[in-house]
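2 protein chains.
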Amino acid sequence: MKVMLVEEREVKAFLEQLQQEGLLTEQTRPVWEMILPKRLKRMYDVLNERTRYITVLMEAVDDPHNQAAVLRTAEAFGVQDVHIVTGKAPFSPNRLVTRYADQWLTLHRKPDIETAIGDLKRQGYQVYASYLGEGAIPLSDLNVSKPTVLLFGNEHSGVSEEALSLADGTFIIPMYGFVQSFNISVAAALALYDVTERARRQAGTRYYLPPEERKALYEQWMWQTLHPRIRKQLEQQGYTVR
Amino acid sequence: MKVMLVEEREVKAFLEQLQQEGLLTEQTRPVWEMILPKRLKRMYDVLNERTRYITVLMEAVDDPHNQAAVLRTAEAFGVQDVHIVTGKAPFSPNRLVTRYADQWLTLHRKPDIETAIGDLKRQGYQVYASYLGEGAIPLSDLNVSKPTVLLFGNEHSGVSEEALSLADGTFIIPMYGFVQSFNISVAAALALYDVTERARRQAGTRYYLPPEERKALYEQWMWQTLHPRIRKQLEQQGYTVR
Numbered sequence: 273m274k275v276m277l278v279e280e281r282e283v284k285a286f287l288e289q290l291q292q293e294g295l296l297t298e299q300t301r302p303v304w305e306m307i308l309p310k311r312l313k314r315m316y317d318v319l320n321e322r323t324r325y326i327t328v329l330m331e332a333v334d335d336p337h338n339q340a341a342v343l344r345t346a347e348a349f350g351v352q353d354v355h356i357v358t359g360k361a362p363f364s365p366n367r368l369v370t371r372y373a374d375q376w377l378t379l380h381r382k383p384d385i386e387t388a389i390g391d392l393k394r395q396g397y398q399v400y401a402s403y404l405g406e407g408a409i410p411l412s413d414l415n416v417s418k419p420t421v422l423l424f425g426n427e428h429s430g431v432s433e434e435a436l437s438l439a440d441g442t443f444i445i446p447m448y449g450f451v452q453s454f455n456i457s458v459a460a461a462l463a464l465y466d467v468t469e470r471a472r473r474q475a476g477t478r479y480y481l482p483p484e485e486r487k488a489l490y491e492q493w494m495w496q497t498l499h500p501r502i503r504k505q506l507e508q509q510g511y512t513v514r
Numbered sequence: 273m274k275v276m277l278v279e280e281r282e283v284k285a286f287l288e289q290l291q292q293e294g295l296l297t298e299q300t301r302p303v304w305e306m307i308l309p310k311r312l313k314r315m316y317d318v319l320n321e322r323t324r325y326i327t328v329l330m331e332a333v334d335d336p337h338n339q340a341a342v343l344r345t346a347e348a349f350g351v352q353d354v355h356i357v358t359g360k361a362p363f364s365p366n367r368l369v370t371r372y373a374d375q376w377l378t379l380h381r382k383p384d385i386e387t388a389i390g391d392l393k394r395q396g397y398q399v400y401a402s403y404l405g406e407g408a409i410p411l412s413d414l415n416v417s418k419p420t421v422l423l424f425g426n427e428h429s430g431v432s433e434e435a436l437s438l439a440d441g442t443f444i445i446p447m448y449g450f451v452q453s454f455n456i457s458v459a460a461a462l463a464l465y466d467v468t469e470r471a472r473r474q475a476g477t478r479y480y481l482p483p484e485e486r487k488a489l490y491e492q493w494m495w496q497t498l499h500p501r502i503r504k505q506l507e508q509q510g511y512t513v514r
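These protein sequence lines are chains B and F, in that order.
Here the first sequence is numbered in the numbering used here, starting from 273 and rising by one per residue.
Here the second sequence is numbered in the numbering used here, starting from 273 and rising by one per residue.
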């Protein structure tokens, strides 16, 4: 799968494959013809690792640095969706930290934690909150046999009482020293790493995106990877993405 | 083991146990009599999880924030030793980030990477460098059947050529997205978490400190947990810690 697209016939075969998979269509031809094959290939490789089986919910994470670090880590581990309930501060992740990770993600802003958790539960997710108190299970015991939301709370006060009462459970990253807590960017990275590694092995095809979501996401990525001038040109020709 | 020292007889039994283990002696009585039993208990619990089986070497990590974050994570996972080779910047970890983790660690400053790696290899360690290039094995494949050094390089240029040529191997934290690298504080946390979790299960008693090292470290911790005024008093009475 990880072929380099050096020779023209490799490029041709690759484009044909993507057409067969329905990722490139005649309708979107004006778009994908403007994108370098190696770019299409890179986006395809990333698409193949994308998941909605694991997702993240940030509740009142106020520090722009932390907001950004969570987005960057989620993206790096292939987690497509990040759900956001703001606290005192607006959601404005630091661009120096995200390294544009956010442009490849689907961000879902929710008005409040009740709506956020309710929506996710209706979609079949279990919700586990990062929590340092009583009853939290060790991260490695978090069962990933069903789609899972990792919930992270405010830097100082943690997840809210309301979130705790709505969540299916809480987890803790075991610590063995005098230091009793991790920065949220570290906690999120550890949790996402552990949970995605295990879910990738256990969940089989359920871990990855279904065909129609693959297609929608790939088209969106193609559109936004275009130079703004080319996007504008295509729009003037009456082309819009979805 | 995790009893609360509520009742006087529990305290007495605990202190007797530590004397039997050789952690509290008649010689150090003036010190430990000045420390609250629950404090002694906390230090004892942490001591029991301490390891030198896994250790960290930072090569030219220049950012005070990153220096501090690595110390804090190492401490949180029970890793006692951190080895340091400075780069362009001095080693001056940000105190707001370390949360005083460094005072519980043993920091080893080394003049250059050759000395640092040479010393560690002579002590029986294998050295694995965090590296994004060719030949790096996935973190989860890093074999922890022998004592292991995790080596992290400079924020921008990574580990040096010299370090790479001296290391036993390189590892990479698998990434699945467009983001191609982690901040070193995140990379170190992920690597330390994964490796200590596995080594704790696999290495048995070799993972933990031997009796003489436990005693030395406990005495050092007792000494520094004292109020400076009490330390001074004891010193005036002719008492010094080792």
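Note that the Cβ used here is the ideal one computed from N, Cα and C, for glycine as well.
N-terminal and C-terminal residue of the beta strand (DSSP E) that residue i is part of
{"i": "SER402/B", "result": "398–402"}
{"i": "LEU562/F", "result": "Because residue 562/F is not part of the residues shown, which for chain F are 273 to 514, the question remains open."}
{"i": "THR370/B", "result": "No beta strand (DSSP E) holds THR370/B; the alpha helix (DSSP H) holding it covers 367–370."}
{"i": "PHE443/B", "result": "441–444"}
Check whether residue i and residue j have beta carbons under 7 Å apart
{"i": "GLU491/F", "j": "THR323/F", "result": "no"}
{"i": "VAL416/F", "j": "GLN474/F", "result": "yes"}
{"i": "PHE443/F", "j": "ILE409/F", "result": "yes"}
{"i": "GLU516/B", "j": "TYR448/F", "result": "As shown, chain B starts at 273 and ends at 514. That puts residue 516/B outside it, with no answer to give."}
{"i": "VAL357/B", "j": "LEU392/B", "result": "no"}
{"i": "LEU377/B", "j": "GLU347/B", "result": "yes"}
{"i": "PHE363/B", "j": "LEU464/B", "result": "no"}
{"i": "VAL458/F", "j": "ALA461/B", "result": "yes"}
{"i": "ALA340/F", "j": "PRO309/F", "result": "no"}
{"i": "VAL467/B", "j": "ALA439/B", "result": "no"}
{"i": "LEU329/B", "j": "ALA373/B", "result": "no"}
{"i": "ARG472/B", "j": "VAL451/F", "result": "no"}
{"i": "TYR511/B", "j": "PRO302/B", "result": "yes"}
is_contact[residue i, chain F] using C-beta, thresh 7 Å
{"i": "VAL451/B", "result": "yes"}
{"i": "GLY350/B", "result": "yes"}
{"i": "VAL318/B", "result": "yes"}
{"i": "TRP493/B", "result": "no"}
{"i": "GLU321/B", "result": "yes"}
{"i": "TRP304/B", "result": "no"}
{"i": "GLU485/B", "result": "no"}
Strand pairing of residue i, partner residues [DSSP]
{"i": "THR327/F", "result": "VAL421/F"}
{"i": "VAL354/B", "result": "VAL328/B, LEU379/B"}
{"i": "GLY430/F", "result": "ASN426/F"}
{"i": "TYR480/B", "result": "THR323/B"}
{"i": "ILE409/F", "result": "PHE443/F"}
Minimum Cβ-Cβ distance from residue i to chain B less than 7 Å
{"i": "MET273/F", "result": "In this prediction, MET273/F has a pLDDT of 47, which is less than 50 and means its spatial position is unreliable; nothing more can be read from the coordinates."}
{"i": "LEU343/F", "result": "no"}
{"i": "VAL354/F", "result": "no"}
{"i": "VAL517/F", "result": "Only positions 273 to 514 of chain F appear in this structure, which leaves residue 517/F out of reach."}
{"i": "TYR465/F", "result": "yes"}
{"i": "LEU290/F", "result": "no"}
{"i": "MET447/F", "result": "yes"}
{"i": "ARG371/F", "result": "yes"}
{"i": "ALA461/F", "result": "yes"}
{"i": "LEU498/F", "result": "no"}
{"i": "THR477/F", "result": "no"}
Endpoints, alpha helix (DSSP H) assigned at residue i
{"i": "GLY390/B", "result": "385–394"}
{"i": "MET306/B", "result": "MET306/B -> no alpha helix (DSSP H), and no H or E assigned at all."}
{"i": "SER453/F", "result": "It is not in any alpha helix (DSSP H) - SER453/F carries neither H nor E in the DSSP assignment."}
{"i": "HIS337/F", "result": "336–348"}
{"i": "LEU515/F", "result": "Residue 515/F is absent from the model: chain F starts at 273 and stops at 514."}
{"i": "LEU506/F", "result": "500–508"}
Interface flag, residue i vs chain C, CB-CB below 7 Å
{"i": "GLU347/B", "result": "Going by chain labels, chain C is absent from the structure shown, which instead holds the protein chains B and F."}
*On the three-pair Cβ rule with 8 Å, is the region 328–340 of chain F touching the region 420–435 of chain F?*
A contact between stretches requires three or more CB pairs, one per stretch, nearer than 8 Å, and the region 328–340 of chain F meets this requirement with the region 420–435 of chain F.
_contact_flag[the region 494–501 of chain F, the region 297–317 of chain F] where n(CB pairs < 8 Å) is 3 or more_ = Counting Cβ pairs under 8 Å, three or more are found: they touch.
*For the 8 Å Cβ check, are there 3 or more pairs between the region 496–510 of chain B and the region 288–305 of chain F?*
no
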